[in-house]
Amino acid sequence: MFTRRQMLQGSVSVAALAATAPLSSMLSLAAEGLHRRSIPASGELLPVIGLGTSRTFDVDPRGAAMGDLLEVLRLFMHGGGRLIDTAPSYGNAERVTGELQRRAHAVGKLFLATKVSATGQAAGERQIAASFQALRSKTLDLIQVHNLQDTATQLQVLRTLKDQGRVRYIGITHYLESAHDELLAVLRKEKDLDFVQFNYSVGERNAERRLLPYCADNGIATLINRPFLRGQAFARVRNQPLPEWAAEIDATSWAQLLLKFILAEPAVTAVIPATSTPRYMADNLRAGVGRLPDTQQRERIARAFG
Ligand SMILES: NC(=O)c1ccc[n+]([C@@H]2O[C@H](COP(=O)([O-])OP(=O)(O)OC[C@H]3O[C@@H](n4cnc5c(N)ncnc54)[C@H](OP(=O)(O)O)[C@@H]3O)[C@@H](O)[C@H]2O)c1
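Its first residue numbered 291, the sequence shown is counted upward by one per residue in the numbering used here.
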């Protein structure tokens, strides 16, 4: 019905495809073209579209909501996604991630990132031990100090785990622009951090000034949270048709424009939008395929959401 070329170039809308083919069959084609970027510390390639779990994965692991989340995970993997970002402070999200991973036969196939948000060495070790259990894994790919809580102590805990081979990468996170300078100060002081996670979007562009350039210059992988401003970004374009120029960068939805705006920054390693809605998952993955905006096109996107 549609040519492979049309699908990869994004000239067919997600809605049109969904009406004619299962989302998963369309995504296996998209997966071939999903952009990947390297983690500077190792050269390992990561798909640019990841999956957040804050609120969306905080459900009863035995409840009905697991059905849609399993579909989200299957689509994510089918479309070439690997990185899932969770945290012990996201209610049931770690446990749900572990359970979905089991149900989707995904053990060993994902890049699992979680966080530590504790004060003191013993509390940090206890919390991390619970994360390993909830995520049903003896090793984790990335553990991040959440919102810079007790950073120096928790980084020591993480370094020990890295030395033991139980965690492959370590990092720090925050979600407020007012904390970007503090993130930068930690990166300058602690030279062995592999990842930093922070907020960046059309509505929150502070990271362009110092944080993203520093990471590019110093070989630190970046994960971008709150790409949709927790979903609020869509309110600004509600009921507006997608502009025709979206096709110039292979975007077929407003969500893809928002994600492509972020991915156009070369210092971004991956973006981690959250969703509990299968068709949104398919939509978001397509942002990692095809052309990205140049400087002028990025400003056009920013103005459309302004
Ligand atoms: N301090 C930290 O370390 C920190 C702080 C904030 C976030 N994070 C991480 O970053 C992740 C992302 O941030 P976030 O969850 O705050 O917000 P977000 O990803 O900016 O927005 C999530 C919201 O967008 C909606 N959405 C997703 N895809 C969509 C699409 N294609 N079309 C329309 N709506 C769509 C979702 O709706 P539905 O739920 O209805 O699908 C959800 O309500 C978090 O989940 C978490 O993993 C970390």
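C-beta: ideal position from N, C-alpha, C; glycine also. Note that the coordinates shown come from a computational prediction; the quantities given were computed from them, not determined experimentally.
| query | result |
| --- | --- |
| Contact between the stretch 369-381 and the stretch 420-438 (3+ Cβ pairs under 8 Å) | yes |
| Where residue 242 sits in the DSSP three-state scheme | The question about residue 242 has no answer here: the residues shown for the chain are numbered 291 through 596. |
| Residue 562 Cβ short of 7 Å to ligand 1 heavy atom set | yes |
| 3 or more residues per run - each beta strand (DSSP E) lying fully within the stretch 458-500 | 485-489 |
| Inter-residue spacing [alpha-carbon to alpha-carbon] between residue 531 and residue 542 | 11 Å |
| Terminal residues of the beta strand (DSSP E) in which residue 326 lies | 326-328 |
| Three-state class that DSSP yields for residue 405 in the structure shown | strand |
| Proximity test, residue 526 beta-carbon vs ligand 1 heavy atom, cut-off 7 Å | no |
| Anticipated Cβ contact below 8 Å, residue 336 with residue 326, distance rounded | 6 Å |
| Classification of residue 455 by the beta-carbon crowding that lies within 10 angstroms, buried from 16 upward | exposed |
| Sequence ranges, beta strand (DSSP E) only - wholly within the stretch 359-412, length at least 3 | 373-375, 401-406 |
| Coil, strand or helix - residue 564 by DSSP | strand |
| CA nearest to the CA of residue 460, picked from 409, 361, 330, 445 | 445 |
| Beta bridge counterpart(s) of residue 515 as assigned by DSSP | 489 |
| Cβ-Cβ distance between residue 362 and residue 560 below 8 Å | no |
| Proximity test, residue 529 beta-carbon vs ligand 1 heavy atom, cut-off 7 Å | no |
| Of the listed residues 391, 332, 352, 523, nearest to residue 593 (C-alpha basis) | 523 |
| Cβ pair residue 426, residue 369 closer than 8 Å | no |
| DSSP state of residue 510 mapped onto helix, strand, coil | coil |
| Run of the beta strand (DSSP E) containing residue 335, from where it starts to where it stops | 335-337 |
| Through-space distance from residue 359 to residue 553, alpha-carbon basis | 25 Å |
| Beta carbon of residue 365 nearer than 8 Å to that of residue 568 | yes |
| Near ligand 1: residue 570 beta-carbon under 7 Å from a heavy atom | yes |
| Identity of the residue in 547, 585, 596, 590 nearest residue 576 by Cα | 547 |
| Given residue 423 as reference, the closest of 450, 407, 385, 447 once Cα atoms are compared | 385 |
| For residue 342, three-class secondary structure by DSSP | strand |
| Closer than 7 Å: residue 545 CB and nearest ligand 1 heavy atom | yes |
| Whole-angstrom C-beta distance between residue 442 and residue 484, which should lie under 8 Å | Not quite, the Cβ-Cβ distance comes to about 17 Å (not below 8 Å), so this is no contact. |
| C-beta atoms of residue 397 and residue 418 nearer than 8 Å | no |
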